[in-house]
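Below: the structure, in structure tokens.
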Amino acid sequence: MRYTTLGRTGLRVSRLGFGAMRLPMKAGHVDRERAARVIERAFSLGVNFIDSAVGYCGGESEQVVGECLKGRRGGIVVSTKNPYHGEDGKEWRKLLDQSLRRLGVDAIDCYHLHFLPWADFSGPMSKRGGPRSEARRALREGVIRHLGFSSHDTPDNILKLIDTDEFDTMIVQYNLLDRKNEKVIEEAARRGMGVIIMGPVGGGRLAFPSPTIASLLPAARSTAEVALRFVLSNPNVSLAMSGMNTVRMVRDNARVASMEEPLTQTQRSRIVAALDRLHHRKDLICTGCGYCMPCPHGVDIPANFALLAYAEVFGLRELAVRRYAHLGNRKDRDGTPVPAWAVSCRGCGACEPKCPQRIPIRKRLRKVHRTLCARPSPGRRG
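Start counting the sequence shown at 73; every next residue gets the next number (my numbering).
Written out as structure tokens, the structure reads:
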């Protein structure tokens, strides 16, 4: 296992982190025996950074992590996350205290404000006596050693969070399919922050086989290996977290994180150039701006076109077919079917004048269904 310093925290961490969001489940609960086996295997292979959150696995994740930490706390860097975005600092503190109890620790090494948008941090969380001031108090007390954030906000808004200089670490998404945070990652590293990547394998999307992605690095054993090596080869990345739920996943990822040089500079440059070409082709299908929405018949137009791009541009056909079936089975909160797949299009054309790319949306939706439908659609022919 390779190690690095997590920015200005000074903590020595493994290049691979364990994300405890997708622990093995059984009958709606964490399968504690299997989960412990997976986590212990990661520790034995040198992984020394583990991340959880209040709500992961129905609230059981922190407890399971705490059980695995018993007897070995000194060697493991513990991270968890607080999802409270309101203005009541006491409510925020309750969740912190709950995490301390669940994890069985006196202090949390890296405590992250979870799924943090700039609007909430600069708004309700910054009110007098709110979470922002409560976090500073927790740092002074020593129950938090380093404060960070995780965010899915826009790159510009994440840069605003960085500009506050209140955070030692950040967790953002970055992978072969989604490189929009590269400038954010570069700026955070320049300022001395520890940069932690979530979704290095695209939330499992890049675990599916793809001849296109495999061709980017022919010596790699899998698409997932290409994806992880790409992320770890970014010099501004401290570590990549993977939500591992099998011993095999741990073993495969640990092998990659043990490489002295995940990619040579030449390999990385070639992959970046190839990705730029692929993303240009993807944008010809759809840029994902969403101006065409909402569809009066419930079609999720950007989602359908994204799946077409997965299949035709990135070679992720198996993934695209599965995700397309899920669009067809989508339901609202009360269980009413609201199929969002392409075949729900009724050809009204309301979307097409709104598209800045002048995409022939109706025609392309028919192509989506022809390409990705693995079963007959109800009442229509694709």
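Ideal Cβ placement from N, Cα and C applies to all residues, glycine included. Computed from a predicted model, the values in this text were never measured in an experiment.
Beta-bridge pairing of residue i - partner residues as DSSP gives them
i	result
M97	V102
F115	Looking at the DSSP assignment, F115 forms no beta bridge with any residue, so it has no partner.
T241	G220 and G266
P409	K403
I433	None; I433 has no bridge partner.
D250	N247
N154	L185
Presumed contact (8 Å Cβ cut-off) between residue i and residue j, rounded CB distance
i	j	result
G271	N253	About 10 Å separates the two Cβ atoms, so there is no contact after all.
Y363	K426	5 Å
V273	L300	6 Å
G266	D240	6 Å
T284	G387	3 Å
G82	D123	Between D123 and G82 the Cβ distance is about 18 Å, and since that is not below 8 Å, they are no contact.
V136	L95	6 Å
R109	A329	Contact flag wrong, Cβ pair sits at about 19 Å.
L311	R113	L311 to R113, Cβ: 18 Å. No contact.
K403	V393	Between V393 and K403 the Cβ distance is about 20 Å, and since that is not below 8 Å, they are no contact.
G308	I257	At residue 308 the sequence reads Asn, which differs from the Gly that was named. Between I257 and N308 the Cβ distance is about 5 Å, and since that is below 8 Å, they are a contact.
G138	G176	4 Å
V298	L289	5 Å
V371	A414	6 Å
The beta strand (DSSP E) enclosing residue i, as first and last residue numbers
i	result
L72	The requested residue 72 does not occur in the structure, where the chain is confined to residues 73 to 454.
L311	L311 to S314
Run of the alpha helix (DSSP H) containing residue i, from where it starts to where it stops
i	result
L172	G161 to L175
D228	P227 to D235
Y382	I373 to E384
H184	Premise fails: H184 lies in the beta strand (DSSP E), I180 to L185, not in any alpha helix (DSSP H).
F193	W190 to S194
L141	S133 to L141
E213	P203 to E213
A296	T295 to L304
T336	Neither: T336 is in no alpha helix (DSSP H) and is coded neither H nor E.
As assigned by DSSP and simplified to three states, the class of residue i
i	result
G220	strand
Y75	strand
A345	helix
V149	strand
D355	helix
W84	A small fix is needed here, since residue 84 is Arg in this sequence, not Trp. Three-state DSSP puts R84 in a strand.
F121	strand
N325	helix
P283	helix
M197	helix
P425	helix
C129	helix
A388	Reading the sequence as shown, one finds Leu at residue 388 and not Ala. In the structure shown, L388 sits in coil (DSSP, three-state: anything other than H, G, I, E or B).
V440	helix
V273	coil
S330	coil
H398	helix
R418	coil
L278	helix
L289	coil
A107	helix
A446	coil
Residue environment, residue i, which counts as buried when at least 16 other CB atoms sit within 10 Å
i	result
G315	buried
G451	Model confidence at G451 stands at a pLDDT of 43, short of 50, so the residue's coordinates are unreliable; what they give is reported in the following sentence. It counts as exposed.
P448	Residue placement at P448 is flagged as unreliable, the pLDDT there being 49, under the threshold of 50; a coordinate-derived value is accordingly withheld.
E206	buried
L444	buried
M313	buried
M197	buried
R320	exposed
M365	exposed
N401	exposed
L356	exposed
R395	buried
E390	exposed
G79	buried
S182	The sequence given here has Cys at residue 182, not Ser. Answer is buried; the Cβ neighbour count reaches 16.
S467	Outside the modelled stretch of the chain, which goes from 73 to 454, sits residue 467, for which no answer is possible.
D406	exposed
C361	exposed
P334	buried
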